[in-house]
Each structure stands twice: as structure tokens, then as C-alpha cells.
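A short write-up of the structure that comes next.
2 protein chains.
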Amino acid sequence: MSLALDPAAQDLLFREARTANTFTDEPVTDEQVQAIYDLVKYGPTAFNQTPLRITLVRSPEARERLVKHMAEGNRPKTAAAPLVAILSADNEFHEELPALLPHFPQAKDMFFAERPVREQSALLNAALQAAYFIVGVRAAGLAAGPMTGLDFAGVQKEFLDADHTPLMVVNIGKPGEDAWFPRSPRLSFDEVVTTV
Amino acid sequence: MSLALDPAAQDLLFREARTANTFTDEPVTDEQVQAIYDLVKYGPTAFNQTPLRITLVRSPEARERLVKHMAEGNRPKTAAAPLVAILSADNEFHEELPALLPHFPQAKDMFFAERPVREQSALLNAALQAAYFIVGVRAAGLAAGPMTGLDFAGVQKEFLDADHTPLMVVNIGKPGEDAWFPRSPRLSFDEVVTTV
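Here the protein sequences come in this chain order: C and F.
Here the first sequence stands for residues 1 to 196, where the numbers follow full-length UniProt numbering.
Here the second sequence stands for residues 1 to 196, where the numbers follow full-length UniProt numbering.
Printed below as a string of C-alpha cells:
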């Protein structure tokens with residue numbers, strides 16, 4: 001069974017792409033991030049809510065502030081990656097909904113008037129977009145190093161506000177020497193998929 | 001700025017791919033689902049935990065049981081799609097961790113001994129895998145119709161168990177007539193990305 005997606009693209013995005021732990025010092029430009037965003041912004045979310053927000057950590061002092069909130073094992077790579085991005089969910093995404101969903105602007109008040117509902121929806125949909133973003137980084141010929149080993153409350157306080165929930169930090173760049181462990185196994189189809 | 005991913009693949013996965021609301025009656029085979037899984041299983045998750053589980057709703061009686069738990073506006077398309085999949089998060093994913101993470105098997109007990117921690121991690125990481133799955137459906141030349149307008153407790157009780165949290169239901173098939181609304185707008189780069 002062959003996919004419609006050509007094999008080179010399959011390799012680039014999934015089969016040969018790996019989570020990098022080391023990087024070369026080749027910079028990642030704003031133009032590259034813009035190209036990634038302009039591709040993955042089309043990935044679907046519920047009610048087109050697109051709650052993902054991206055904080056690019058570019059200044060040395062911001063990098064230093066971030067590294068201290070990372071788990072110890074993640075600090076060296078977060079300090080060394082050409083670019084580091086904090087991905088967060090905007091819990092007030094509903095303010096943008098009338099513009100984002102012009103054929104159904106009343107969704108804002110019908111479904112998202114309550115903050116806990118928004119938080120749950122923002123978390124799920126920003127996570128979908130985080131995955132699209134990781135795929136997009138790979139589509140740009142770069143390696144992503146997504147990490148959840150960090151002090152989330154610390155990162156939120158240091159870089160975000162009460163309306164933005166951090167999801168993960170992603171190192172971005174060209175893979176360096178010994179960039180990854182051997183590929184770990186995956187569950188078989190029968191372990192994951194059941195039919196009713 | 002051009003991406004490494006070729007333009008045809010960009011179109012197939014993001015730019016021209018759309019959330020379909022109608023489908024032709026061309027079947028979606030198990031071989032196609034297997035090919036999708038064999039591609040997207042490589043998408044990264046924290047500690048390689050891969051908590052996504054997929055329930056393919058194939059029998060007419062199971063389809064009928066599912067449709068009644070969907071929001072009214074989602075019922076006709078869920079009833080008509082060639083294939084419908086329930087995506088869920090396995091909150092007991094840690095049992096598989098020693099096999100999935102052979103270089104660090106102690107992660108199971110060091111990080112995931114407590115159920116609330118597992119639930120939070122399973123939700124985020126299964127959502128990442130749900131997005132990889134949507135991309136994979138598109139890679140197979142099919143349209144995905146992900147939906148969260150449904151009675152989650154009802155779907156869980158009807159098809160899953162207390163250890164599996166449903167995330168969404170996805171209609172899968174070739175797009176039919178009038179399959180989608182005009183593309184809704186997206187936020188601009190400057191609305192989503194900030195630099196520190």
C-alpha cells in the first residue's frame with residue numbers, strides 16, 4: 001500500500017526525521033520561522049480557533065532566563081540550540097473567533113463564554129497546532145527538539161501571562177554531532193488500532 | 001523563503017487539504033489505515049510514550065451507536081463517512097514504557113507512577129499524535145474531518161473504558177460534493193509570534 005505523499009517527503013517529515021539533542025551553530029532566521037508558520041497555520045482546529053502562540057527566545061538574556069526553568073537534562077541543549085521557541089495556548093482565543101470564523105461568529109458566545117471550557121479547548125487545539133509546527137520545522141529541513149521537562153509555572157511567570165498556558169519548549173536547528181539516540185521502537189498496528 | 005518540502009506535498013498536507021464535511025462512498029481500507037499508521041507512528045512524543053489509541057468504527061450497528069453521541073450538526077456526516085475513527089488517550093501508557101524506551105526504562109516509575117500525571121501527559125501527547133494522524137490521512141490522499149462536537153462521556157462509556165479518554169472523532173474518506181466552506185482566515189504571523 002503506497003501513500004499519495006511522495007517517499008522523500010515521508011522521510012523528511014516522519015521516517016528519517018528525529019528529535020535532535022545537538023545542533024550545528026547555523027542560525028535559524030525569522031524568514032524560516034515565517035515560512036514554517038505560513039505552511040502550518042492551515043492545519044485544522046475546532047471552530048478554526050487556532051489558539052497556539054509562539055514565543056521566539058532570541059536574546060542571550062532571555063535564553064539564560066529560560067534555561068534555568070528547564071529540567072537539568074534539557075539545559076545544555078536549550079542553551080546551545082540556534083533557536084528556542086516556547087509554544088503556549090491562548091485561553092482568550094475566543095476574542096479572535098468572530099474574525100476567524102466569519103460564517104459562524106456566534107460560536108464565541110454560544111460555546112466559549114466560560115473560561116474552563118476555553119482552557120480545555122485551547123489545550124487540545126494548541127497541542128494539535130504544536131504537532132503541525134513540529135512537522136513544519138521538519139518541512140523547512142530543520143530538526144525539532146520538543147521538550148516538556150521544564151518548570152511550567154516558572155516559564156509562564158517568566159515569559160507569558162495568566163491567559164497563556166505553556167505547552168512545551170522546542171529547540172530548532174540543523175542537527176549536530178551525535179544528535180540522537182537510536183530510534184526507539186513503536187507499538188504495532190494491532191496494539192494501537194481496534195475495530196468495532 | 002522556500003521550504004525543503006516540495007510544493008506538491010505542502011499542498012497535499014496543508015495548503016489545499018481541507019476538513020471535509022461530505023464524502024464519496026469509496027471505501028477506506030484497513031490497508032490504507034495501516035499505511036497511515038506506519039508513517040505517523042514515528043511522530044515524536046515525550047519519552048516516546050505514544051499514548052494515542054484508535055478505534056475504527058466499521059460495523060453498521062457500531063456506527064449507529066456512535067452517531068447518537070455526536071452533536072446534531074455532526075450526525076449526518078458521521079453517518080455517511082466511509083470510515084469513522086475514535087481517537088483516544090491511553091492513561092495507562094506507562095505499562096508499555098519499558099519496551100518503548102529501552103535506553104531509560106526507569107522513566108515508568110520515576111515520572112509516571114501517579115495517575116493524574118499520566119492523564120495530563122497522555123492528553124497532550126495523544127493530541128500531538130492526533131495531529132500527526134490527521135496529517136497522515138492527508139498523506140494517504142484522503143480528507144479528514146476531525147470533530148470535537150460530541151458527548152465525550154457517552155462515547156467513552158459506549159466504546160472505551162475508564163483508562164481511555166476520547167479526544168475526538170475523525171471522519172475519513174474522499175471528499176464529496178460541496179465538501180467544505182470557503183477557507184476561513186488565519187491569524188497573521190505577528191498576531192501569533194512574539195520575540196524576546
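All C-beta atoms in this analysis are idealised placements derived from N, C-alpha and C, irrespective of residue type, glycine included.
Quantities reported herein were computed from a predicted structural model and do not represent experimental measurements.
Ends of the beta strand (DSSP E) at D90 (chain F)? As a first step, residue 90 (chain F) must be located in the second sequence, where it is residue number 90. Going by DSSP, D90 (chain F) is part of the beta strand (DSSP E) stretching over 83-90.
Alpha carbon to alpha carbon, how far is D109 (chain F) from D95 (chain F)? Give it in angstroms, no decimals. As a first step, residue 95 (chain F) must be located in the second sequence, where it is residue number 95. As a first step, residue 109 (chain F) must be located in the second sequence, where it is residue number 109. It should be noted that the sequence gives Glu, not Asp, for residue 95 (chain F). Distance from the CA atom of E95 (chain F) to the CA atom of D109 (chain F), rounded to whole angstroms, is 10 Å.
Excluding five sequence neighbours on each side, which residues of the same chain lie with their C-beta closer than 7 Å to the C-beta of P82 (chain C)? On the first sequence, position 82 is the one that residue 82 (chain C) refers to. Closer than 7 Å at the Cβ level, and outside the excluded window around P82 (chain C), lie F23, D25, E26, P27, V28, I172, G173.
I'd like to know whether the C-beta atoms of L3 (chain C) and L52 (chain F) end up nearer to each other than 8 Å. Reading the first sequence from its first residue, position 3 is the one you call residue 3 (chain C). Reading the second sequence from its first residue, position 52 is the one you call residue 52 (chain F). No; because the gap between Cβ atoms is not below 8 Å, this pair is not in contact.
Quick check on G149 (chain F): does DSSP put it in helix, strand or coil? Along the second sequence, read from residue 1 onward, the residue named residue 149 (chain F) stands at position 149. In the three-state DSSP reduction, G149 (chain F) falls in the coil class, being neither helix nor strand.
Could you please give the first and the last residue of the uninterrupted beta strand (DSSP E) stretch that includes G173 (chain F)? Counted from its first residue, the second sequence places residue 173 (chain F) at position 173. For G173 (chain F), the enclosing beta strand (DSSP E) has its first and last residue at 164-173.
Does any C-beta atom of chain C lie closer than 8 Å to the C-beta of T55 (chain F)? On the second sequence, residue 55 (chain F) is found 55 positions in, with the first residue counted as 1. It does: the Cβ of T55 (chain F) has a partner Cβ on chain C nearer than 8 Å.
Given a cut-off of 8 Å on the beta-carbon distance, is the pair V135 (chain F) and Y37 (chain C) in contact? Counted from its first residue, the second sequence places residue 135 (chain F) at position 135. Counted from its first residue, the first sequence places residue 37 (chain C) at position 37. No, they are not a contact pair.
I'd like to confirm the pairing. Which residues does DSSP put opposite L52 (chain F) in its beta bridges? Position 52 of the second sequence, counting from 1, holds the residue named residue 52 (chain F). Beta-bridge partners of L52 (chain F) (DSSP): F:A89.
Between which two residues does the alpha helix (DSSP H) harbouring V137 (chain F) extend? As a working mapping, residue 137 (chain F) is identified with position 137 in the second sequence. Looking at the DSSP string, the run of the alpha helix (DSSP H) that includes V137 (chain F) is 115-139.
Can you tell me whether A28 (chain F) is helix, strand or coil according to DSSP? One-based indexing of the second sequence puts residue 28 (chain F) at position 28. This sequence places Val at residue 28 (chain F); Ala is not what is there. Three-state result, V28 (chain F): coil.
Just to confirm my understanding: we take L13 (chain F), look at its own chain, exclude 5 residues before and 5 after, and list those with CB closer than 7 Å. What are they? Taking the first residue of the second sequence as 1, we reach residue 13 (chain F) at position 13. If we look at L13 (chain F) and ignore the five residues flanking it on each side, its Cβ neighbours are V135, R138, A139.
Do you know offhand how far H164 (chain F)'s Cα is from E92 (chain F)'s? On the second sequence, residue 164 (chain F) is found 164 positions in, with the first residue counted as 1. On the second sequence, residue 92 (chain F) is found 92 positions in, with the first residue counted as 1. Those two C-alpha atoms are separated by around 8 Å.
Length of the line joining the Cα atoms of F152 (chain F) and A89 (chain F): Here residue 152 (chain F) refers to the residue found at position 152 of the second sequence. Here residue 89 (chain F) refers to the residue found at position 89 of the second sequence. Rounded to the nearest whole angstrom, the C-alpha separation of F152 (chain F) and A89 (chain F) is 12 Å.
Distance, N125 (chain F) Cα to N48 (chain F) Cα: Counting from 1 along the second sequence, the entry for residue 48 (chain F) is found at position 48. Counting from 1 along the second sequence, the entry for residue 125 (chain F) is found at position 125. Between N48 (chain F) and N125 (chain F), the C-alpha separation is close to 9 Å.
Unbroken beta strand (DSSP E) run spanning T78 (chain F), endpoints: As a working mapping, residue 78 (chain F) is identified with position 78 in the second sequence. Per DSSP, T78 (chain F) lies in no beta strand (DSSP E); the unbroken alpha helix (DSSP H) holding it starts and ends at 75-80.
Does N48 (chain F) get closer than 8 Å to chain C when you measure Cβ to Cβ? Translated into positions along the second sequence, residue 48 (chain F) becomes position 48. At least one chain C Cβ lies under 8 Å of N48 (chain F).
Please state whether DSSP places V196 (chain C) in a helix, a strand or coil. Within the first sequence, residue 196 (chain C) is the residue found at index 196, counting from 1. In the three-state scheme derived from DSSP, where H, G and I count as helix and E and B as strand, V196 (chain C) is classed as coil.
For T19 (chain F) and chain C, any beta-carbon pair shorter than 8 Å? Mapped onto the second sequence, residue 19 (chain F) falls at position 19. It does; some Cβ of chain C falls within 8 Å.
Roughly how many angstroms lie between the CA atoms of L128 (chain F) and P98 (chain F), to the nearest whole one? Counted from its first residue, the second sequence places residue 128 (chain F) at position 128. Counted from its first residue, the second sequence places residue 98 (chain F) at position 98. So the two alpha carbons sit approximately 21 Å from each other.
Just checking: is the beta-carbon of V33 (chain F) within a distance shorter than 8 Å of some beta-carbon in chain A? Looking for chain A here will not work: the only protein chains present are C and F.
Give me the chain C residues within the contact set of Q10 (chain F), using Cβ-Cβ distance strictly less than 8 Å, ordered along the chain. On the second sequence, position 10 is the one that residue 10 (chain F) refers to. Chain order gives the chain C residues near Q10 (chain F) as L39, A139, where near means a beta carbon separation below 8 Å.
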